[in-house]
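Student: To get the working numbering, take the position in the first sequence, counting from 1, and add 47.
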Amino acid sequence: MPEKPYDHIAIELKWHERWQNADFYKAEENSSKPKFYVLEMLPYPSGTLHIGHIRNYSIGDALARYKWMRGFNVLHPMGWDAFGLPAENAAIANKVPPRQWTLQNIAAMKKTHRRFAFSYDWDREVSTCEPEYYRWNQWFFLQMLERGLAYRKRALVNWCPKCATVLANEQVVDGCCWRHEDTPVEQRALDQWFLKITAYADQLLDDMAQLEGGWPDRVLTMQRNWIGRSEGTEVDFRLEGTGEPIRVFTTRVDTIYGATCVILAPEHPLNETLLDADLKVRAKAMVDSRAGRDPGDIDKEGIFTGHYAINPYNGERVPIWIANFVLMGYGTGAIMAVPAHDERDFEFCTKYGIPIRPVIRPADLPSGESVALPYSEYGIVENSGEWSGLPSAEARRKMSAFAEQQGFGKPAITFRIKDWGISRQRYWGTPIPVIHCPACGVVPVPEDQLPVVLPDRIEITGAGRSPLENVPEFVNVACPKCGEPARRETDTMDTFMDSSWYFYRYCDPHNSERPFDSAKIAYWFEIDQYIGGIEHAILHLIYSRFFTKMMRDIGLISNNEPARRLFTQGMVIAEGAKMSKSKGNVVGADMLADKFGADTARMFVLSNVPPEKEVDWREAGAEGTYRFLGRVYRFVTRNVPLEERSGDADRKVLRKLHQTLKKITEDFETRWHFNTCIASIMELVNLLYAEEQNISAAAMPQILETLALMLAPFAPYLSQEIWETLGGEGPVFRRAWPEFDPELAKEDEAEIVVQVNGKVRSKITAPFGTPKESLESQALADEKVQSFIGGKQIVKVITVPDKLVNIVVK
RNA sequence: GCCCGGGUGGCGAAAUCGGCAGACGCAAAGGACUUAAAAUCCUUUUUCCGGAAACGGGAGUGUGGGUUCAAGUCCCACCCCGGGCACCA
């Protein structure tokens, strides 16, 4: 047959229509097949999919299709992280209600999803802004409230003036808002709801051992740093005069004989009684000048309080200072300064003339010599009374135990991670299900009254209080306990709450009795492969690990961790620049589908670089991918059916075919370097072009069929079209993945590189398994080799069977 | 400052276990087809030296050293780029 031009529009439209109501992508509930849960992070429904989304989904889709072809029962769902601020901002800007705006966006994006033929089980679609979903957010909140894992407290919280709401610590980046990188976050004192993620700090840290190998090290390191566990000792110094304890936290209690002052954070509560009016003003100024600044640029400053503290170990009297480098939010907000063995203390005490007294010496330091200060390593304790002579580690242990015995301290563990503040003073989120009653206090909404539904009619102003406060029918409510008039909580939940457990809901998305049926979770969990952006390394991924542990502890699930494997794909940049709305260089998915076709776009984002690396969108590059798909299509159409030809190249082409298949199969099972997979398919096609006239009519259909199957995970439309052209029936991505034949993939003869002194001088061929001696003599006899070794002495010959002979001469 | 990545042609990159550096793609140049262009197909393309050419030889994976018969790959030191954490006691 004459070849047909590659008309991507016609091909994709045709199959798009035929697949409209198809149900190939449904996960089976009762299946004898092994299960595989592949998940891509759910998008925020901003209105359009861009090429970054396409990359994320193309990776997951290739894997899902491959797993189906390998005979797995695949769960591959998609949903919408539908609550959040942009909907409110759009409402203010365009006078469209957030709900309407969100639903329109979802509809538009879903259409694009379908154009790209991503293999989702849309029956399981979850949208977090629907009461059927967020009622379970409320339910989880109540469960946590009951167990003391949710609590309310007045606290200094991060406030973004642009978002006009509170941010979690995880949402503050370099002192600025994560959504507004140029807006410094302010501190405000507000009554807020918190989730006690710190109760799980140890588990979150320890269970990372289970994730090693399955999660990128980078992500684990970031989480480890974020949790920031440190082991040390709490010690009470005593305020001279009153004897009031001043508790400090230290990781180096072994250096405590070298403590020459105690330093409090400027906002330490003790300052209230310690400082006079004048000093209080200066302390306040210290707090203010620190706000929003990079710690590296702040000079250490301190003020002597005029008071003294007593070191409980040696009874020594040391001055009490306040200083800007001591943080209220970490440890106890007070430290002992040991300038000889801590760089920061050294800098501070040097500046203010506070004595520096060494109490640790390096174990290998010759006696009589002294060490350069500050010396912050471990060593041998000296000048420390009865503890002198002990190594640091042992001294830490014994001195901590001593503190506990004597009742002036104890071993202690401090974490950097803080409880998760979830209150948001905004409308478009899950209402927090509590009622404030003047008589009964905070009263949880009874379970049978869930969901607390967000009212629809609302005016959104963007002012600094929840718009819900202005909706009397929402706010005014009878107290569930006493029946008297009360007020509903008007703050809504952080949207990260929604995304902390959505992947469980996919397993049982329509359950109206419970968040899900535990048996279904037991079947599908853990997620076999989770795929998303590195930007969620801390936020979403730590919250969802916390949720999993909480859900386990209330008896809903039995898995410890949500996802066995995590893959973080690289960003897509456009023509060398980071994509952003303001630059107007966002590459939209619909444009891609129009101009190049979904197959080209999908395949392009997997080409050229491994998926974990950043990829640069270049139009010329996409044209290259398009050219390749055209080459494939034209080759197939002109070779079906095929008149008889020699078949001289059959062996050669079949070998390449099976080598390609081997490579792709191995990559899917291990490292996912789809760029090299696609490159090897290109090599195969290049060979098909070169040998087109020498492939027999018997071999060709087998070759083309395998080619269609190999392309199925990457270019579903084209591979289906080819499949049909070849007379295949049904969806190509439900056929079995072709097994490669190691015999066919093998070369006939080994090519042996012959080196002289490590430089390649010649190549010989020999059957596989040729003995060393035979290879050596062949190599030595080689004409080219002779010219390099003639007249020289052969020192030795190294032979690697089937690979290489290296002749060393002098 | 600490902890991770990374540095290879004009460009994106490949080389998976220490064994032929530069697969594949882009861009560029030349050719075929065409009245012409586009599309398509074919060829060339790390660099220097010699040669009319086939070809031959040298150098070459951030820099300097080392291990080895053999190093992009392993070890040591340094430089640069990206990311994370950061007065965390």
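The beta carbon of each residue, even a glycine, is placed where N, CA and C say it ideally should be.
What are the uninterrupted segments assigned as beta strand (DSSP E) that are 3 or more residues long and contained completely in the stretch 448-523, given in chain order?
Tutor: 456-461, 481-484, 488-491
Student: With a Cβ-Cβ cutoff of 8 Å, do G240 and I479 count as a contact?
Tutor: At residue 240 the sequence reads Trp, which differs from the Gly that was named. Contact: yes.
Student: Which one of L676, T212, L603 has the shortest CA to CA distance from Q767?
Tutor: L676
Student: Expressed to the nearest angstrom, what Euclidean distance is found between the alpha-carbon atoms of A211 and R512?
Tutor: One alpha carbon belongs to A211, the other to R512, and they sit about 8 Å apart.
Student: I think V619 touches I106, with their Cβ atoms under 8 Å apart; what is that distance to the nearest whole Å?
Tutor: Taking C-beta atoms under 8 Å as the contact rule, V619 and I106 fail to qualify, at a distance of about 12 Å.
Student: Check for me: the alpha helix (DSSP H) holding D325 runs from which residue to which?
Tutor: 324-337
Student: Where does the unbroken beta strand (DSSP E) through S105 begin, and where does it stop?
Tutor: It is not in any beta strand (DSSP E) - S105 instead sits in the alpha helix (DSSP H) that spans 98-116.
Student: If you follow the alpha helix (DSSP H) that L708 is in, where does it begin and where does it stop?
Tutor: 697-716
Student: Just how far apart, CA to CA, sit R161 and D108?
Tutor: 12 Å
Student: Determine the burial state of C529: buried for a count of at least 16 other Cβ atoms within 10 Å of its Cβ, exposed for fewer.
Tutor: Exposed.
Student: Are the beta-carbon atoms belonging to V842 and K831 less than 8 Å from one another?
Tutor: It is not a contact, given that the beta carbons lie outside the stated cut-off.
Student: Use the C-beta contact count for A828: other C-beta atoms within 10 angstroms, 16 or more gives buried, fewer gives exposed.
Tutor: exposed
Student: Tell me where the alpha helix (DSSP H) around W571 begins and ends.
Tutor: 565-571
Student: With a threshold of 8 Å on Cβ separation, who are the neighbours of T230 within its own chain once the five nearest residues in sequence on each side are excluded?
Tutor: Correct list, in chain order: C207, P208, K209, C223, C224.
Student: Tell me, to the nearest whole angstrom, how far the beta carbon of I799 is from that of K810; I am working on the premise that it is less than 8 Å.
Tutor: 7 Å
Student: Pick out whichever of K200, P763, E560 has its Cα sitting closest to the Cα of I469.
Tutor: Across the set K200, P763, E560, the C-alpha of K200 shows the shortest separation from the C-alpha of I469.
Student: Looking at D646: is its Cβ nearer than 8 Å to the Cβ of Y764?
Tutor: yes
Student: Just to confirm the assignment, what range does the beta strand (DSSP E) spanning K810 have?
Tutor: 806-814 is the span of the beta strand (DSSP E), which, as asked, contains K810.
Student: Ordered along the chain, which non-local residues of its own chain (more than five positions away) have a Cβ less than 7 Å from that of L689?
Tutor: A744, M747
Student: State the start and end residues of the unbroken alpha helix (DSSP H) segment that holds L653.
Tutor: First-last of the alpha helix (DSSP H) with L653: 645-653.
Student: Leaving out five residues before and five after R808 in sequence, what residues of the same chain have Cβ atoms less than 7 Å from its Cβ?
Tutor: V801, Q802, K831, V832, F835
Student: Any idea what DSSP makes of C308, helix, strand or coil?
Tutor: strand
Student: Could you check which residue in S423, Q840, W571 has the C-alpha nearest to that of D861?
Tutor: Residue coverage of the chain in this structure runs from 48 to 857, which leaves residue 861 outside it and unanswerable.
Student: Look at T684 and K51 and say whether their C-beta atoms are less than 8 Å apart.
Tutor: yes
Student: Helix, strand or coil for E281, going by three-state DSSP, please let me know.
Tutor: strand
Student: Quickly, what does DSSP pair A577 with across the bridge? List them, please.
Tutor: Note on identity: in this sequence residue 577 is Tyr, with Ala being the wrong assignment. Beta-bridge pairing links Y577 to L86, L613.
Student: Three or more C-beta pairs closer than 8 Å, one from the stretch 398-415 and one from the stretch 485-495: is that the case here?
Tutor: no
Student: Hey, how far is the Cα of V220 from the Cα of E228?
Tutor: 8 Å
Student: Measuring CA to CA, which of L258, R265, R552 is closest to G580?
Tutor: R265
Student: Which residue marks the beginning of the alpha helix (DSSP H) containing D15, and which one marks its end?
Tutor: Since the first residue of the chain shown is 48 and the last is 857, residue 15 is not available in this structure.
Student: Can you give the Cα-Cα distance for Y46 and L756, rounded to whole angstroms?
Tutor: Because residue 46 is not part of the residues shown, which for the chain are 48 to 857, the question remains open.
Student: Consult DSSP for D779 and reduce its assignment to one of helix, strand or coil.
Tutor: Before going on, a small fix: residue 779 reads as Val here, not Asp. The DSSP-derived three-state label of V779 is helix.
Student: Taking the Cβ atom as the reference point for each residue, do Y84 and L110 lie within a distance shorter than 8 Å?
Tutor: no
Student: For the structure I just gave you, are there three or more beta carbon pairs, one from the stretch 270-290 and one from the stretch 458-465, closer than 8 Å?
Tutor: yes
Student: Name the residue from Q147, F187, H587, S414 whose alpha carbon lies nearest to the alpha carbon of R561.
Tutor: F187
Student: How far does the beta strand (DSSP E) with M383 in it extend, from its first residue to its last?
Tutor: 381-384
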